[in-house]
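So the protein sequences, as listed, match chains A and B. Residue numbers 2 to 199, in the working numbering, belong to the letters of the first sequence in order. Residue numbers 2 to 199, in the working numbering, belong to the letters of the second sequence in order. C-beta atoms are modelled at their ideal positions from N, C-alpha and C, and glycine is treated no differently. Data first, discussion second: the structure below is written as structure tokens.
Number of protein chains: 2
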Amino acid sequence: MMKLYDVELSGNCYKVRLFAALAGIPLEIRPVDLAAGEHKGEPFLALNPWAQVPLLVDGDVTLRDSHAILVYLASRSGAMAWWPSDAASQGRIVQWLSTSAGEIQSGPASARLVQKFGYELDKPQALKRSASILRLIDEHLARNDWLELNRPTLADCAVFPYVAWAPEGGVSLEPYPAIQAWIARIKALSGFLPAPGI
Amino acid sequence: MMKLYDVELSGNCYKVRLFAALAGIPLEIRPVDLAAGEHKGEPFLALNPWAQVPLLVDGDVTLRDSHAILVYLASRSGAMAWWPSDAASQGRIVQWLSTSAGEIQSGPASARLVQKFGYELDKPQALKRSASILRLIDEHLARNDWLELNRPTLADCAVFPYVAWAPEGGVSLEPYPAIQAWIARIKALSGFLPAPGI
């Protein structure tokens, strides 16, 4: 079985667990003890020199990034409703994988790292970036039930965790009614996997 | 013909122009006047409410993100050597699209935005992140001629611009011999498109 090196409170890990639950893809979950520095020592570093979770190991395929794992799992498992093979659908979804790796990571995800876990990052800048990206997402969701393709895709799985966890970074979702409605739609999906605080 | 809204000195735009040149994909280049604020007014905002370049318009497909455009162009043009359709290859390449949107954007790309264009970003943090990500990339390239699949792919096109432009942000590439050798390999590719300073 595919093995996911996982940290429960990591939004990047939660992206993968959430999608696997929604698409019915079995994963062996292998918790990594960040507090003990397990990710910074062997044998983990030999698997991932980047010292990060999530990490997926499937035979001779090892992937160190949440979005790469989403794409791989969908394609390998034939869950093509979540990641269609045509150019336009893939392009549309990849837009949100970039937004997730960029604006969301440096916005609400970073604000949460400071507030909940004490990381030494620039909290005011993270809050400013959160306001900017959440407004854009809210405007998009005011016109669309789902981020792309009028149905749940990898885009929603990638964006959901750190947006839903934004209040843990001191970022209220009150000003964003379309985001709140979208969160409710995702929670109502068959197979939805909750996480602590969500 | 597909139309690319473009800024010559934007690394995100250069990713797209570079790949299109290497793969022989014709694009109509439509320069956007950032200095005049063209991206913040109509009619551009109607095309892209995110007020960003690059933007690709191809019939009814509009894409606002460099990595999304790379994936779309490769798939639409049948340039599958750069973006194979199998799960493992796509997963491996997407790792680097995330690295490009995340660590490279907040590292060398941000350092360059401060130093060359006067953006108000945290330069010391950008330099620290640059050192961290360039070391990881250098170690990877010390073992591999190309980022993935033992040949040029979308991964290389996504990572090349801001890494090659790192010195414009005050980040020397002297400590990274494997990156320097990789830059030389990319420059030697048939169809390589130079950019100012590269």
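Residues are counted here when their Cβ sits less than 9 Å from a Cβ of chain B; for the stretch 41 to 74 of chain A these are Pro50, Trp51, Leu57, Asp59, Asp61, Val62, Leu64, Arg65, Asp66, Ser67, His68, Ala69, Ile70, Leu71, Val72, Tyr73 and Leu74, given in chain order.
Less than 8 Å divides the Cβ of B:Leu5 from the Cβ of B:Glu29. Interface flag for A:Ser99 against chain B is set, since a Cβ pair is found closer than 8 Å. Using beta-carbon distances, B:Asp157 does not count as an interface residue toward chain A, since no partner is under 8 Å. For A:Lys129, the uninterrupted alpha helix (DSSP H) run begins and ends at Lys124 to Arg144, by DSSP. When C-beta atoms of the stretch 187 to 198 of chain B are compared with those of the stretch 90 to 104 of chain B, fewer than three pairs fall below 8 Å, so the two segments do not count as touching. Between the C-alpha atoms of B:Leu150 and B:Ser90 there is a straight-line separation of about 7 Å. Following the DSSP letters along the chain, one finds A:Leu98 inside the alpha helix (DSSP H) bounded by residues Ala88 to Thr100.
By alpha-carbon distance to A:Arg113, the top candidate from A:Gly103, A:Lys124 and A:Glu104 is A:Lys124. C-alpha of A:Ala182 to C-alpha of A:His68: approximately 24 Å in a straight line.
Note on geometry: alpha-carbon atoms of A:Asp139 and B:Pro178 lie some 44 Å from one another. Put simply, the backbone Cα of B:Pro50 is about 21 Å away from that of A:Leu128.
Here the alpha carbons of B:Pro32 and B:Leu56 stand approximately 11 Å from one another. Around the C-beta of B:Pro195, fewer than 16 other C-beta atoms lie within 10 Å, and the residue is accordingly described as exposed. At a C-beta separation below 7 Å, A:Gly103 has these neighbours in chain B: Ala102, Gly103 and Gln106.
With respect to chain A, the C-beta atom of B:Ala167 has no partner C-beta closer than 8 Å. Per DSSP, A:Pro50 lies in no alpha helix (DSSP H) and is assigned neither H nor E. Between the alpha carbons of B:Ile70 and B:Leu64 lies a gap of roughly 6 Å.
Taking the beta carbon of B:Ser86 as reference, the chain A residues within 7 Å of it are Ser86, listed in sequence order. Using a Cβ-Cβ cut-off of 8 Å, A:Leu137 counts as an interface residue toward chain B, since at least one Cβ of chain B sits closer than that to its own. Look at B:Ser11: its C-beta is not under 8 Å from any C-beta on chain A. Within the same chain, and ignoring the five residues on either side of B:Asp59 in sequence, the residues whose Cβ sits closer than 6 Å to its Cβ are Met3. Taking the beta carbon of A:Arg152 as reference, no residue of chain B falls within 9 Å; the closest one sits roughly 18 Å away.
At least one CB of chain A lies nearer than 8 Å to the CB of B:Gly92.
The alpha carbon of B:Leu35 has as its nearest neighbour, out of B:Gly25, B:Pro27, B:Ile26 and B:Leu46, the alpha carbon of B:Leu46.
A:Val54: not part of any alpha helix (DSSP H); DSSP gives it neither H nor E. Of the candidates A:Ile180, A:Ile184, A:Val172 and A:Trp166, the residue whose Cα lies closest to the Cα of A:Glu9 is A:Trp166. Using beta-carbon distances, A:Gln116 does not count as an interface residue toward chain B, since no partner is under 8 Å. Ranked by how close their Cα comes to the Cα of B:Asp61, the residues A:Cys158, A:Gly92 and A:Val172 have A:Gly92 in first place.
Legend: CB atoms of the stretch 166 to 186 of chain A lying less than 8 Å from CB atoms of chain B are not found in any residue.
The continuous alpha helix (DSSP H) containing B:Asp157 extends over residues Leu155 to Ala165.
Burial is judged here by how many other beta carbons sit within 10 angstroms of a residue's own beta carbon; B:Asn145 has fewer than 16 and is exposed. Here DSSP, grouped into helix, strand and coil, assigns B:Tyr6 to strand. Put simply, the backbone Cα of B:Phe20 is about 12 Å away from that of B:Ala82.
For B:Val62, there is no enclosing alpha helix (DSSP H); the residue is part of the beta strand (DSSP E) that begins and ends at Val62 to Leu64.
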